[in-house]
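Just so we're aligned: 36 in the UniProt record's numbering is position 36 of the sequence shown, and the numbers increase by one with no gaps anywhere. Even for Gly, the Cβ is constructed at its ideal location relative to N, Cα and C.
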Amino acid sequence: MVFILLGTGIFFSFRLRFPQIRRLKDAFLITFGDFKFGEKANKEGMSSWQSLVTAIAGQVGTGNIAGPATAIMAGGPGAVFWIWLSAFLGMGTIFSEATAAQKYKTTLSDGTVTGGPAYYIRAAFTGKFGKVLAGAFSIFLIIGFGMAAAMVQGNTIADAINNSFGIPPLITGIVVAILLFAVVQGGITRIASTITKIVPIMAIFYTVCGLCILAINFSSIPEAFAMIFKAAFSPRAIGGGFTGIAVRQAMQYGIARGLFSNESGMGSTPHAHAVAKVKHPCDQGLAAMMSVVIDSFIILTISCVLILATGSYQSGAEGIGVIQGAYQSVFGHMGSILITITIFFFCFSTIIAAYFYGGQNFKKLFGVRSVPAYIVLILFFVLFGSIATVSLVWAICDTFNGLMVFANLIGLYGINGVIVKLWKEYEEGGTDLDTTLNTIKKKRAAKKSGAV
Numbered sequence: 001m002v003f004i005l006l007g008t009g010i011f012f013s014f015r016l017r018f019p020q021i022r023r024l025k026d027a028f029l030i031t032f033g034d035f036k037f038g039e040k041a042n043k044e045g046m047s048s049w050q051s052l053v054t055a056i057a058g059q060v061g062t063g064n065i066a067g068p069a070t071a072i073m074a075g076g077p078g079a080v081f082w083i084w085l086s087a088f089l090g091m092g093t094i095f096s097e098a099t100a101a102q103k104y105k106t107t108l109s110d111g112t113v114t115g116g117p118a119y120y121i122r123a124a125f126t127g128k129f130g131k132v133l134a135g136a137f138s139i140f141l142i143i144g145f146g147m148a149a150a151m152v153q154g155n156t157i158a159d160a161i162n163n164s165f166g167i168p169p170l171i172t173g174i175v176v177a178i179l180l181f182a183v184v185q186g187g188i189t190r191i192a193s194t195i196t197k198i199v200p201i202m203a204i205f206y207t208v209c210g211l212c213i214l215a216i217n218f219s220s221i222p223e224a225f226a227m228i229f230k231a232a233f234s235p236r237a238i239g240g241g242f243t244g245i246a247v248r249q250a251m252q253y254g255i256a257r258g259l260f261s262n263e264s265g266m267g268s269t270p271h272a273h274a275v276a277k278v279k280h281p282c283d284q285g286l287a288a289m290m291s292v293v294i295d296s297f298i299i300l301t302i303s304c305v306l307i308l309a310t311g312s313y314q315s316g317a318e319g320i321g322v323i324q325g326a327y328q329s330v331f332g333h334m335g336s337i338l339i340t341i342t343i344f345f346f347c348f349s350t351i352i353a354a355y356f357y358g359g360q361n362f363k364k365l366f367g368v369r370s371v372p373a374y375i376v377l378i379l380f381f382v383l384f385g386s387i388a389t390v391s392l393v394w395a396i397c398d399t400f401n402g403l404m405v406f407a408n409l410i411g412l413y414g415i416n417g418v419i420v421k422l423w424k425e426y427e428e429g430g431t432d433l434d435t436t437l438n439t440i441k442k443k444r445a446a447k448k449s450g451a452v
């Protein structure tokens, strides 16, 4: 599975001539050059910025806290290098997913714009096979990313709050369910409004806390990076607790953590990018690449480096406990509280994104009038997850996420020629890209001069 995803990243990166290198500056400008706070989403979709933030809400979760620790403990510091490499190649895949989702988005009977892998799978294979595969993807996502993920995230929140504050899990589950209902019953408008407030706050909060820890351990940062690059190709060379680790393990755990963190190729984020209101599909493809930058190259990297710089990987703890140890080394007992706050924001935003993705597929299968039933279903799973033992649910998530990947990648490969053609026209024609960039540059220049 991991190497299929990696191979897809290599395939699309070469087919598109590495947009993550040649057009990274343009992607940054399209994403951050003209976004505005306070924009309202509607049935016609969201702004490009709101769609990107919704995608990040699904990507950035507890995996960004526990994931790096798991990768480093199992694959050594060299796993971080392979996280970066997989993220770099994954940018080619996620560009393709977002572009395809934009190309094949559609409008439902209630006027709501929707899209995602189920729609471009159907476009790739117009016969019975396409219909069955698209329907199967929708079912896989609803179960694996909607219901099961809601249980897991609800359980993680309840467990963290119980450990830090002693609040019973059921009480936490009820509160989370009420908060979720308050958001989702407002439809796409309230979902976009809430996520664009939560995600920047949680990302900045975690980044600032991480940078504070790194600042105090500044002298250890060069050694941490040296360990990463040295262990990437020779884990045994750095000694310590990593002498039994081979390069294959560093690659395996690093690549897996990188790909599953930014979700490139999984088929989840295209649901957010499909509803962006942009002039050309490739506009959102470029914006989508920035989600990998934020998720993997900023947030995930901070987690990895502070684990190595503080030496918390030597504590004997596992998962979230390793990051918790790094926080406690600087903030004391307050470190546990800061991690709990982070977990709440990360998990709650992921639940919202999971609801949104699952809802688009639920409507595709059962019609627009099925939304109230879907809301009740998700609220139940959040509440039940807060008090349940979720080891089996994790297995269900992994199984159905794997099935999602296969269905999604079959669809992507089926329309890879369309994606390449769109990108070629976008670049060589120049009109769409130049118009977008020039408009943004003019607005920024006008603001600086005081004209706006």
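Coil, strand or helix - residue i by DSSP
{"i": "Met266", "result": "coil"}
{"i": "Thr112", "result": "coil"}
{"i": "Thr126", "result": "coil"}
{"i": "Arg23", "result": "coil"}
{"i": "Ile387", "result": "helix"}
{"i": "Met1", "result": "coil"}
{"i": "Val452", "result": "Model confidence at Val452 stands at a pLDDT of 48, short of 50, so the residue's coordinates are unreliable; what they give is reported in the following sentence. Note: Val452 maps to coil in three-state DSSP."}
{"i": "Asn163", "result": "helix"}
{"i": "Ile415", "result": "coil"}
{"i": "Ala354", "result": "helix"}
{"i": "Val60", "result": "coil"}
{"i": "Gly154", "result": "helix"}
{"i": "Pro77", "result": "coil"}
{"i": "Ser234", "result": "coil"}
{"i": "Pro372", "result": "helix"}
{"i": "Gly33", "result": "coil"}
{"i": "Ser217", "result": "Rather than Ser, the amino acid found at residue 217 in this sequence is Asn. In the structure shown, Asn217 sits in coil (DSSP, three-state: anything other than H, G, I, E or B)."}
{"i": "Gly316", "result": "coil"}
{"i": "Arg17", "result": "coil"}
{"i": "Gln185", "result": "coil"}
{"i": "His333", "result": "coil"}
{"i": "Ala41", "result": "coil"}
{"i": "Gly429", "result": "helix"}
{"i": "Pro168", "result": "coil"}
{"i": "Gly210", "result": "helix"}
{"i": "Gly146", "result": "helix"}
Paired residues, beta bridge with residue i - DSSP
{"i": "Met46", "result": "Ala276"}
{"i": "Thr107", "result": "Val113"}
CB contact flag (residue i, residue j, <8 Å)
{"i": "Gly265", "j": "Thr8", "result": "yes"}
{"i": "Leu259", "j": "Leu5", "result": "yes"}
{"i": "His280", "j": "Tyr426", "result": "yes"}
{"i": "Gln20", "j": "Met290", "result": "no"}
{"i": "Ala309", "j": "Leu214", "result": "yes"}
{"i": "Gln102", "j": "Ala250", "result": "no"}
{"i": "Leu141", "j": "Tyr313", "result": "no"}
{"i": "Met202", "j": "Phe346", "result": "yes"}
{"i": "Leu379", "j": "Leu170", "result": "no"}
{"i": "Gly33", "j": "Val292", "result": "no"}
{"i": "Ile94", "j": "Asn262", "result": "yes"}
{"i": "Met334", "j": "Phe145", "result": "no"}
{"i": "Ala353", "j": "Gly127", "result": "no"}
{"i": "Leu412", "j": "Ala100", "result": "yes"}
{"i": "Ile157", "j": "Phe348", "result": "yes"}
{"i": "Met73", "j": "Glu318", "result": "yes"}
{"i": "Ala55", "j": "Ala272", "result": "yes"}
{"i": "Ser220", "j": "Ser336", "result": "no"}
{"i": "Met147", "j": "Phe381", "result": "yes"}
{"i": "Ile174", "j": "Ile167", "result": "no"}
From the options, residue whose alpha carbon lies closest to that of residue i
{"i": "Phe229", "options": "Lys128, Trp84, Gln284", "result": "Trp84"}
{"i": "Ser386", "options": "Thr207, Gly154, Gly335", "result": "Gly154"}
{"i": "Phe137", "options": "Ile167, Thr114, Asn401, Leu52", "result": "Asn401"}
{"i": "Asn64", "options": "Met404, Cys304, Tyr355, Gly411", "result": "Cys304"}
{"i": "Asp159", "options": "Ala150, Thr172, Asp110", "result": "Thr172"}
{"i": "Gly116", "options": "Glu428, Val278, Asn408", "result": "Asn408"}
{"i": "Ser193", "options": "Arg23, Ser47, Gly166", "result": "Ser47"}
{"i": "Trp82", "options": "Arg257, Ala69, Thr114, Thr126", "result": "Arg257"}
{"i": "Cys282", "options": "Ser96, Gly45, Ala55, Ile204", "result": "Ser96"}
{"i": "Gly254", "options": "Gln324, Gly76, Thr196", "result": "Gly76"}
{"i": "Lys197", "options": "Gly417, Phe125, Val53, Trp394", "result": "Val53"}
{"i": "Ser268", "options": "Phe129, Val376, Ser51", "result": "Ser51"}
{"i": "Gly186", "options": "Pro372, Asp398, Ala388", "result": "Pro372"}
{"i": "Gly45", "options": "Met151, Ala123, Gln284, Val2", "result": "Gln284"}
{"i": "Ile419", "options": "Ala123, Lys25, Phe88", "result": "Ala123"}
CB-CB length for residue i against residue j, believed under 8 Å
{"i": "Leu286", "j": "Ile30", "result": "5 Å"}
{"i": "Ile299", "j": "Thr207", "result": "7 Å"}
{"i": "Leu365", "j": "Gly61", "result": "Incorrect: roughly 25 Å between the Cβ atoms, too far for contact."}
{"i": "Ile307", "j": "Val322", "result": "6 Å"}
Near the ligand FMN: residue i beta-carbon under 7 Å from a heavy atom
{"i": "Val293", "result": "Among the components of this structure there are no ligands whatsoever, and the ligand FMN is therefore not found."}
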